[in-house]
Every structure is written in structure tokens, then in C-alpha cells.
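One line per chain: the protein sequences are U and C, in this order. The working numbering numbers the first residue of the first sequence as 112 and each following residue consecutively. The working numbering numbers the first residue of the second sequence as 7 and each following residue consecutively. Glycine included, each C-beta is placed from N, C-alpha and C at the ideal position. This structure is a prediction, so every number in the text was calculated from the model and none was measured. For reference, the structure discussed in these notes is given below.
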Amino acid sequence: GENVEQHPSTLSVQEGDSAVIKCTYSDSASNYFPWYKQELGKRPQLIIDIRSNVGEKKDQRIAVTLNKTAKHFSLHITETQPEDSAVYFCAASGPGAGSYQLTFGKGTKLSVIP
Amino acid sequence: NAGVTQTPKFQVLKTGQSMTLQCAQDMNHEYMSWYRQDPGMGLRLIHYSVGAGITDQGEVPNGYNVSRSTTEDFPLRLLSAAPSQTSVYFCASSRRDFNQPQHFGDGTRLSIL
């Protein structure tokens, strides 16, 4: 089955700096890569996703890049703010019946220091 | 729309007890799933369903049962609770089309003593 590795497990940045979280996946057939943000005690919430026919996607301060050849994708947060502090999860799923099954990374705890 | 609703929010059980975690969605989503979240482990898929009457196992199905009699509801049953099942459980739903965003409920925090 699919295996998703996520790095780093913890990340501290100064307010205003950029943060980058990287994930690698094992199944070359995977074609959907969402990112979720989870605040303490809350539900995971989708913040951005990318499909394999796209190399990069941006939404205001958040961007995701995908390298299908290397089987890795990254989340970029620019101009970080204290409210960006949370745990971020990457995930991957494949085509066909497997597209319903998300395999998650183990998460990155991002701390933005004011 | 309420989205995905999970009940209860918190529960404490004794080893060997059984219980059902409830999940309901009002978005007419065909796909529903249950995950457990443990510290440092991310979210792991327990069971999922692609429509009423259809269920299948995920990564960690042992000790759990599910059924899907309606589109709206997808309960998760613990048959004989064990301390290893202490976790936060999330239900999620999405449209059945491929690669659709999954919407999560608020979770059930379950402790087994």
C-alpha cells in the first residue's frame, strides 16, 4: 500500500518568515495530494490540495508544489502569522477505488513565534 | 448544513465494554470513513464505505465493526473495548467522485480504562 513520509516533525519559525513542509510518497499511481491543518483539539481542515496534472497551486500565502518524478510534494507558507501555528498533515491517494483512501503523513507541528 | 456530526464528544469505557460511535452527515456524500488519531501517528483509516450497504476495511480494522444502512449514517462499533483503542476518532465524508476533499467531524475522544 501507499506510504507517506513527512518532514520535519516539528518546525519553529519567526513571525513573517516562511515555512516549508515536505512529504514523500511511495505509490507512483497516487494522483491526489491534500494538506490538512489541525488546531489543538479541533478537526483536521483542508487548506489546499493538488492533483497530479498540476505542478504548483497557490492560495494567498499558501502554496503546494508537486514533483511526480521524485514522488514528493511540499507545502509552503509565506509571511507566517501566529494563527498559522498548528499541526499540518499531508496525505496521498491513488486512482480508481484507491482514490477514496487517504494515507496520511504523521504530521508537522508548526510553531510561529511572535 | 451541519456537515459531519459525531457523538459523543467524549467517552470513558472500561475494558471489555462495548459501545457505538455515531457519525452522521447531511451533505448527501456517498463516501464515509473512520480514522483514529494517536500521538505521533497521524490519522489511520479504520473502515470506509462508498455507499449504503457497502463497507470495507482500512489500515487498522481489528476490534471495530461498521455498517452503512443509510447514506447519512456510518456508526463505528467497538465490540469489546481494549486500552489500545484509547484514541481520538474522526469520521469523514466526501462525494464519491475520485479525489474529492474529505470533510471531517469534530471527533470523539475515547478513553478505555
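Query, Result
"Shorter than 8 Å from the beta carbon of GLN108/C to some beta carbon of chain U?", "yes"
"Look up GLN192/U in the DSSP assignment and say whether it is helix, strand or coil.", "coil"
"According to DSSP, simplified to helix, strand and coil, what is GLN23/C?", "coil"
"Looking at the structure shown, is PRO67/C part of a helix, part of a strand, or coil, going by DSSP?", "coil"
"In chain U, what lies closer than 8 Å to ASP112/C by C-beta?", "LYS153 and ARG154"
"Should GLN171/U be flagged as near chain C, meaning a C-beta pair shorter than 8 Å?", "no"
"Can you give me the C-alpha to C-alpha distance between LEU151/U and THR13/C, rounded to a whole angstrom?", "19 Å"
"Does the count of Cβ pairs from the stretch 44-61 of chain C and the stretch 10-28 of chain C closer than 8 Å reach three?", "no"
"Report all residues from its chain with a CB closer than 7 Å to the CB of ASP128/U; omit the five preceding and five following residues, and keep chain order.", "THR191"
"Which of helix, strand or coil does DSSP assign to GLN6/C?", "Shown here, chain C extends from 7 to 119; a query on residue 6/C therefore has no answer."
"Please tell me whether LYS217/U has its Cβ less than 8 Å away from any Cβ of chain D.", "Given the protein chain composition of this structure (U and C), no chain D is represented."
"Determine, using beta carbons only, whether TYR95/C comes closer than 8 Å to chain U.", "no"
"Since SER75/C is in the beta strand (DSSP E), which residue starts that stretch and which ends it?", "Here SER75/C belongs to no beta strand (DSSP E), and DSSP marks it neither H nor E."
"On a CA-only basis, which of ASN164/U, ILE159/U, LYS182/U and ASN178/U is nearest GLN171/U? Give me that one, please.", "ILE159/U"
"Does the stretch 78-94 of chain C come into contact with the stretch 24-39 of chain C, if we say contact requires no fewer than three beta-carbon pairs (one atom in each stretch) closer than 8 Å?", "yes"
"Hey, ALA203/U and GLU113/U are a contact pair by Cβ (cut 8 Å); roughly how many whole angstroms apart?", "6 Å"
"According to DSSP, what are the bridge partners of GLY48/C?", "ASP44/C"
"Are any of the Cβ atoms in chain U nearer than 8 Å to that of MET33/C?", "no"
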